[in-house]
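Colleague:
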Amino acid sequence: QVQLVESGGGVVQPGESLRLSCAASGFSFSNSGMYWVRQAPGKGLDFMAVIWYDGSKKYYADSVKGRFTISRDNSKNTLYLQMNSLRAEDTAVYYCVRAGEGSGSYPGTYWGQGTHVIVSS
Amino acid sequence: QSALTQPASVSGSPGQSITISCTGTSNDVGSYNYVSWYQQHPGKAPKLIIYDVSNRPSGVSYRFSGSKSGNTASLTIFGLQAEDDADYYCGSYTSTSTFLFGGGTKLTVL
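From first to last, the protein sequence lines are chains A and B.
Numbering (this note's numbering) for the first sequence: 11 to 131.
Numbering (this note's numbering) for the second sequence: 3 to 112.
(1) The ligand GTP heavy atoms versus the CB of Gly43 of chain A: any closer than 7 Å?
(2) In three-state DSSP terms, what is Asp100 of chain A?
(3) Alpha carbon to alpha carbon, what distance is there between Trp62 of chain A and Asp83 of chain A?
(4) Give the DSSP bridge partners of Thr74 of chain B, in chain order.
(5) Is Thr98 of chain B close to chain A? Criterion is C-beta to C-beta, closer than 8 Å.
(6) In the DSSP assignment, what are the bridge partners of Phe101 of chain B?
(7) Using only CA atoms, which one of B:Val62, B:Pro48, B:Gly32 and B:Asn57 lies nearest to Ala75 of chain B?
(8) Under 9 Å between beta-carbons, which chain B residues line up against Tyr116 of chain A? List them in chain order, please.
(9) For Asn94 of chain A, does the three-state DSSP call read helix, strand or coil?
(10) Can you give me the Cβ contacts of Lys68 of chain A inside the same chain, cut-off strictly under 6 Å, excluding the 5 residues immediately before and after it?
(11) Does DSSP put Ala59 of chain A in a helix, a strand or coil?
(12) Within a Cβ cutoff of 6 Å, which residues of the same chain sit near Asp89 of chain B, ignoring the five residues on either side of it in sequence?
(13) Quick one, which of B:Ser4, B:Trp39 and B:Gly14 has its alpha-carbon nearest Ser23 of chain B's?
(14) CA-CA distance, Asp64 of chain A and Leu89 of chain A?
(15) What distance in whole Å lies between the Cβ atoms of Thr125 of chain A and Glu16 of chain A, which are believed to be in contact at a cut-off of 8 Å?
(16) Counting only beta-carbon atoms, is Pro59 of chain B nearer than 8 Å to chain A?
(17) Can you give me the Cβ contacts of Pro24 of chain A inside the same chain, cut-off strictly under 7 Å, excluding the 5 residues immediately before and after it?
(18) If you compare alpha carbons, which of A:Val22, A:Leu28 and A:Gln13 is closest to Asn94 of chain A?
(19) By a C-beta neighbour count over all protein chains shown, 10 Å radius and 16 as the cutoff for buried, is Lys70 of chain B buried or exposed?
(20) Determine the chain B residues that contact Asp100 of chain A at a beta-carbon separation under 8 Å, and present them in chain order.
(21) Mark Leu55 of chain A as exposed unless 16 or more other C-beta atoms lie within 10 angstroms of its C-beta, in which case mark it buried.
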């Protein structure tokens with residue numbers, strides 16, 4: 011069955027960096043686009059970034075452009091999110107999501123359980 | 003980019019039908035048939051219930067229906083059930099190849 015397992019979350023101070031990982035299994039990772047979506051405490055869903063199946067294209071939300079980098083290692087079936095210059099407003103649960111079927115132009119059926127990131131001094 | 007606009011809350015009694023609207027612009031909802039809807043129960047990951055405006059993933063109840071007109075998409079839930087009590091989010095592909103969520107709607111089943 012499809013599994014997405016995020017890791018790497020934790021508590022950091024403003025200005026610090028963190029790298030999230032998402033280990034994928036149960037599907038052809040190298041043929042799937044992937045998303046990072048976050049949700050701040052008590053708030054709604056927020057698109058962070060998307061990466062094409064081969065890593066050739068990446069797109070970011072304006073709020074994280076230049077600070078966050080999405081990447082993937084298809085040989086390890088792993089998705090990454092490098093987060094630099096973290097701010098208090100980046101505090102959230104971060105979800106790894108497989109792109110939907112067909113067009114792949116949306117976060118699809120398969121979501122990880124989420125990893126918590128807390129940015130606080 | 004501003005979030006797509008959804009009502010903060012809607013409510014209905016069991017058996018009734020409700021509709022949640024999702025208003026965007028010509029840069030997202032109005033230009034692409036790539037609108038999706040997600041259901042989220044407290045403490046859980048979101049669940050995809052509609053994609054590409056009106057398609058239901060396998061296993062999603064027929065009681066969930068999506069549509070779109072111009073810059074506004076809609077999710078209708080027929081025959082409300084207690085388990086439909088949840089938060090609902092719309093989302094759309096955008097002209098910058100990103101994805102934009104709505105602010106979310108809290109559905110209360112009375």
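A virtual CB, placed ideally from N, CA and C, is assigned to each residue, including glycine.
Modeller: Considering the structure as presented:
(1) Ligands displayed in this structure: none; no statement on the ligand GTP is therefore possible.
(2) helix
(3) 12 Å
(4) B:Thr25 and B:Ser71
(5) yes
(6) B:Tyr95
(7) B:Gly32
(8) Tyr36, Val37, Ser38, Leu50, Tyr53, Asp54, Gly93, Ser94, Tyr95 and Phe101
(9) Assignment of Asn94 of chain A by DSSP, reduced to helix, strand and coil, places it in the coil class.
(10) Ile61 and Ile80
(11) DSSP places Ala59 of chain A in strand when its eight states are reduced to three.
(12) Here Asp89 of chain B has Gln42, Gly106 and Lys108 as same chain residues with Cβ atoms under 6 Å from its own Cβ, once five neighbours each way along the sequence are excluded.
(13) If you compare the alpha carbons of B:Ser4, B:Trp39 and B:Gly14 with that of Ser23 of chain B, the shortest gap goes to B:Trp39.
(14) 11 Å
(15) Confirmed, Cβ separation roughly 4 Å.
(16) yes
(17) Leu96, Arg97, Ala98, Val129 and Ser131
(18) A:Leu28
(19) buried
(20) Ordered by position in chain B, no residue passes the 8 Å Cβ test against Asp100 of chain A, which lies about 17 Å from the chain.
(21) buried
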